[in-house]
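Engineer: Count the sequence shown with the working numbering and you get residues 77 to 628, in order. For every residue, glycine included, the Cβ atom is placed at its ideal position computed from N, Cα and C. What you are looking at is a predicted structure, and each value in this text was computed from that prediction instead of being measured.
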Amino acid sequence: SYFDPIMIWVLCLSSLRDAKGQYLFDLLCHHLNLLEKDYFGIRFVDPDKQRHWLEFTKSVVKQLRSQPPFTMCFRVKFYPADPAALKEEITRYLVFLQIKRDLYHGRLLCKTSDAALLAAYILQAEIGDYDSGKHPEGYSSKFQFFPKHSEKLERKIAEIHKTELSGQTPATSELNFLRKAQTLETYGVDPHPCKDVSGNAAFLAFTPFGFVVLQGNKRVHFIKWNEVTKLKFEGKTFYLYVSQKEEKKIILTYFAPTPEACKHLWKCGIENQAFYKLEKSSQVRTVSSSNLFFKGSRFRYSGRVAKEVMESSAKIKREPPEIHRAGMVPSRSCPSITHGPRLSSVPRTRRRAVHISIMEGLESLRDSAHSTPVRSSSHGDTFLPHVRSSRTDSNERVAVIADEAYSPADSVLPTPVAEHSLELMLLSRQINGATCSIEEEKESEASTPTATEVEALGGELRALCQGHGGPEEEQVNKFVLSVLRLLLVTMGLLFVLLLLLIILTESDLDIAFFRDIRQTPEFEQFHYQYFCPLRRWFACKIRSVVSLLIDT
77 SYFDPIMIWV
87 LCLSSLRDAK
97 GQYLFDLLCH
107 HLNLLEKDYF
117 GIRFVDPDKQ
127 RHWLEFTKSV
137 VKQLRSQPPF
147 TMCFRVKFYP
157 ADPAALKEEI
167 TRYLVFLQIK
177 RDLYHGRLLC
187 KTSDAALLAA
197 YILQAEIGDY
207 DSGKHPEGYS
217 SKFQFFPKHS
227 EKLERKIAEI
237 HKTELSGQTP
247 ATSELNFLRK
257 AQTLETYGVD
267 PHPCKDVSGN
277 AAFLAFTPFG
287 FVVLQGNKRV
297 HFIKWNEVTK
307 LKFEGKTFYL
317 YVSQKEEKKI
327 ILTYFAPTPE
337 ACKHLWKCGI
347 ENQAFYKLEK
357 SSQVRTVSSS
367 NLFFKGSRFR
377 YSGRVAKEVM
387 ESSAKIKREP
397 PEIHRAGMVP
407 SRSCPSITHG
417 PRLSSVPRTR
427 RRAVHISIME
437 GLESLRDSAH
447 STPVRSSSHG
457 DTFLPHVRSS
467 RTDSNERVAV
477 IADEAYSPAD
487 SVLPTPVAEH
497 SLELMLLSRQ
507 INGATCSIEE
517 EKESEASTPT
527 ATEVEALGGE
537 LRALCQGHGG
547 PEEEQVNKFV
557 LSVLRLLLVT
567 MGLLFVLLLL
577 LIILTESDLD
587 IAFFRDIRQT
597 PEFEQFHYQY
607 FCPLRRWFAC
617 KIRSVVSLLI
627 DT
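Set out below in structure tokens:
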């Protein structure tokens with residue numbers, strides 16, 4: 077889905093029996109008319125509530141271990157270092173939607189003045205210039221931009237929208253929004269909750285500029301990508317190897333909630349380091365989580381790197397694609413607020429879910445509406461944390477980012493989520509959690525597949541997935557594979573030792589190394605007391621078998 081309240085429910089994947097993730101991703105980008113697609117990815121949740129990025133080199137069906145219908149989300153995977161420098165407006169618009177979502181979920185912290193400006197940019201982009209005849213007093217309070225609001229903030233948003241942004245087009249407002257968001261400390265943060273060696277809670281994240289650790293209301297670590305030498309994990313333990321100036325080496329250790337969450341954190345780190353640090357995709361290497369090749373996990377980033385993406389974007393020469401923007405959705409208590417035209421091809425449901433058959437294509441997704449959530453009256457009046465400082469110098473290792481602890485919504489963390497959070501993600505509006513109107517509830521009931529429809533459409537997928545076992549079977553397969561690797565290595569070592577023994581005892585190679593070994597008393601004793609009798613015994617047995625075969 078888009079980053080607003082739209083999700084893709086893949087009800088029929090008969091055409092994806094053997095398709096890789098790249099096929100689904102390319103199909104989606106084609107229907108979105110998106111060329112600068114390397115910044116984006118597809119995220120899904122497994123039956124254990126662990127979130128994953130769809131791997132483009134692996135089968136789609138094998139990665140989605142849950143029962144159909146499958147739910148996946150289209151997201152920004154690699155945040156551009158300078159989003160305002162993106163070549164096409166459609167790409168900037170999609171990044172704008174993602175950052176707007178981050179702002180709402182508390183992943184992007186900012187001080188009050190910045191918060192008001194960002195919200196005003198969103199208002200200007202989606203409802204246009206202020207019109208006293210259409211926008212009554214307190215109109216900005218009807219919409220939810222942040223986890224929490226205050227009346228003072230709402231008045232400031234309306235004031236900026238009225239007086240400072242008049243005349244700005246949606247594209248200009250979105251561009252200004254991106255320029256402002258890019259300056260914030262937590263821009264591009266996809267937080268992974270962990271604990272440090274002392275048991276204190278922390279959030280780990282990979283940004284365009286490096287590795288970040290947020291703890292409480294501070295950024296306790298900021299490691300540039302060129303200082304990160306190795307990423308490793310064992311079970312729930314994640315290790316980051318850092319090499320700084322004066323050959324100072326540091327190992328940062330953190331503990332993830334589950335082994336699966338730790339592996340996901342490690343894979344995200346490998347991909348981000350390759351994307352932002354390397355000069356060419358040909359420099360990408362397969363990375364192992366262990367020093368022994370028969371143990372641990374191996375992973376390889378399969379896409380292009382940031383520098384290649386920028387060079388490719390500069391060569392784009394085409395007419396700018398049409399962007400279907402939609403205005404804000406008015407609440408019933410504020411019927412006079414204008415909103416953009418809605419396309420009848422996609423019904424507006426409580427989560428604006430788009431039920432798409434891949435066989436029929438994804439045309440409806442490109443024309444879907446993307447709007448800022450209407451604020452529910454049940455929300456509190458307190459506002460999000462106030463940031464003490466703006467972006468600090470990159471050399472500063474500790475920076476205060478907020479008066480309160482960094483605490484993004486549980487439902488957007490890429491780690492196991494609670495039951496109620498998962499239900500909210502799949503059954504309610506993806507980014508706002510606001511209450512829905514009666515009309516929206518009816519549309520949701522009308523457009524959501526019934527159990528019978530889901531069973532009928534998912535029957536074929538179940539048949540496709542019969543050969544793919546559950547989590548327990550996959551764990552057994554991994555164990556068997558690890559044992560087979562160990563046996564293979566052991567047999568290889570034994571073969572090498574046997575070959576060396578034969579060379580020592582049977583060959584006439586006059587090499588100093590071999591000569592020294594042959595002259596030792598221990599080797600002579602082994603040769604005459606053990607090896608020669610064993611050789612005669614084998615020769616006797618072989619002659620007996622040959623004689624038996626000749627007689628028969």
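Quick check on D207: does DSSP put it in helix, strand or coil?
Structural biologist: coil
Engineer: Would you give the residue range spanned by the alpha helix (DSSP H) that H340 belongs to?
Structural biologist: P335 to K353
Engineer: The beta strand (DSSP E) spanning L280 covers which residue range?
Structural biologist: Its beta strand (DSSP E) spans residues A277 to T283.
Engineer: Which residues in the same chain as F221 place their Cβ atom closer than 6 angstroms to its Cβ, once the five residues preceding and following it in sequence are excluded?
Structural biologist: Cβ within range, chain order: A195.
Engineer: By how many angstroms is the C-alpha of S217 removed from the C-alpha of D207?
Structural biologist: 16 angstroms
Engineer: Roughly how many whole angstroms lie between the Cα atoms of F120 and G372?
Structural biologist: The alpha-carbon atoms of F120 and G372 are separated by roughly 24 angstroms.
Engineer: Just reading off the beta strand (DSSP E) that V304 is part of, what are its end residues?
Structural biologist: Following the DSSP letters along the chain, one finds V304 inside the beta strand (DSSP E) bounded by residues V304 to E310.
Engineer: Given this structure, state the Cα-to-Cα distance separating P597 from I299, to the nearest angstrom.
Structural biologist: 58 angstroms
Engineer: Just to confirm, are F285 and Y352 a CB contact at a threshold of 9 angstroms?
Structural biologist: Closer than 9 angstroms, so yes.
Engineer: Exposed or buried, what is R591 when buried is set at 16 or more other beta-carbons lying within 10 Å of its beta-carbon?
Structural biologist: exposed
Engineer: Could you give the distance in angstroms between the alpha-carbon of P609 and the alpha-carbon of V556?
Structural biologist: 38 angstroms
Engineer: Report the option in K294, T262 and F287 whose CA atom is closest to the CA atom of N276.
Structural biologist: K294
Engineer: For the beta strand (DSSP E) that R183 lies in, which residues bound it at each end?
Structural biologist: That residue, R183, is in no beta strand (DSSP E); it is neither H nor E in DSSP.
Engineer: DSSP state of P269, grouped into three classes?
Structural biologist: Strand, per DSSP.
Engineer: Are the beta-carbon atoms belonging to P397 and I166 less than 9 angstroms from one another?
Structural biologist: Taking the C-beta atoms as reference points, I166 is found nearer than 9 angstroms to P397.
Engineer: For G243, which residues from the same chain have a beta carbon less than 8 angstroms from its beta carbon, with the 5 sequence-adjacent residues on both sides left out?
Structural biologist: The beta carbon of G243 lies closer than 8 angstroms to those of D205 in the same chain, with the five residues before and after it left out.
Engineer: Just the C-alpha distance for P461 and L290, rounded to the nearest angstrom, thanks.
Structural biologist: Below a pLDDT of 50, predicted positions are generally treated as unreliable, and P461, at 36, falls in that range; no measurement from the model is reported.
Engineer: Per the DSSP calculation, L316 is bridged to which residue(s)?
Structural biologist: L307 and L328
Engineer: Which residues in the same chain have their Cβ closer than 7 angstroms to the Cβ of I392, if we skip the five residues on either side of it in sequence?
Structural biologist: Excluding five sequence positions before and after I392, the CB atoms of its chain that fall closer than 7 angstroms to its own CB belong to L111, K163 and E164, given in chain order.
Engineer: With DSSP as the reference, please indicate the residues paired to K176 in a beta bridge.
Structural biologist: Beta-bridge pairing links K176 to no other residue.
Engineer: Helix, strand or coil: how does DSSP classify I299 here?
Structural biologist: strand
Engineer: So, is G311 buried or exposed, given that buried needs 16 or more other C-beta atoms within 10 angstroms?
Structural biologist: exposed
Engineer: Report the rounded CA-to-CA distance for S620 versus L580, giving the unit in angstroms.
Structural biologist: For S620 and L580, the distance between alpha carbons rounds to 27 angstroms.
Engineer: Exposed or buried, which one is E355 when buried takes at least 16 other CB atoms within 10 Å?
Structural biologist: exposed
Engineer: Using 10 angstroms around the beta-carbon of M567, count the other beta-carbons present and answer buried if the total reaches 16, otherwise exposed.
Structural biologist: exposed
Engineer: What does the alpha-carbon distance come out to for the pair V360 and H225?
Structural biologist: 45 angstroms
Engineer: Does the Cβ of G264 have 16 or more other Cβ atoms within 10 Å, making it buried, or fewer, making it exposed?
Structural biologist: Burial call: buried.
Engineer: Can you give the Cα-Cα distance for E213 and L193, rounded to whole angstroms?
Structural biologist: Between E213 and L193, the alpha-carbon positions lie close to 19 angstroms from each other.
Engineer: When the distance is taken between beta carbons, is R168 closer than 9 angstroms to A257?
Structural biologist: No, these two residues do not count as a Cβ contact at 9 angstroms.
Engineer: Would you kindly check if the distance between the Cβ of V152 and the Cβ of G182 is under 9 angstroms?
Structural biologist: no
Engineer: With a CB to CB cut of under 6 angstroms and the five nearest residues on each side skipped, what residues in its chain are close to R376?
Structural biologist: Leaving aside the five residues that flank R376 on each side, the residues in its chain whose CB is nearer than 6 angstroms to its CB run, in chain order, T362.
Engineer: Are L59 and V171 touching if we call contact CB-CB under 9 angstroms?
Structural biologist: Outside the modelled stretch of the chain, which goes from 77 to 628, sits residue 59, for which no answer is possible.
Engineer: With distances taken Cα to Cα, identify the nearest neighbour of R380 among H128, P223 and K113.
Structural biologist: K113
Engineer: Give, in chain order, every unbroken run of the alpha helix (DSSP H) that is at least 4 residues long and sits entirely within the region 113 to 181.
Structural biologist: If we require 4 residues or more, the alpha helix (DSSP H) runs fully inside the region 113 to 181 come out as 136 to 139 and 165 to 181.
Engineer: Under 8 angstroms, with one C-beta from each stretch per pair, do the region 95 to 112 and the region 314 to 328 reach the 3-pair mark?
Structural biologist: no
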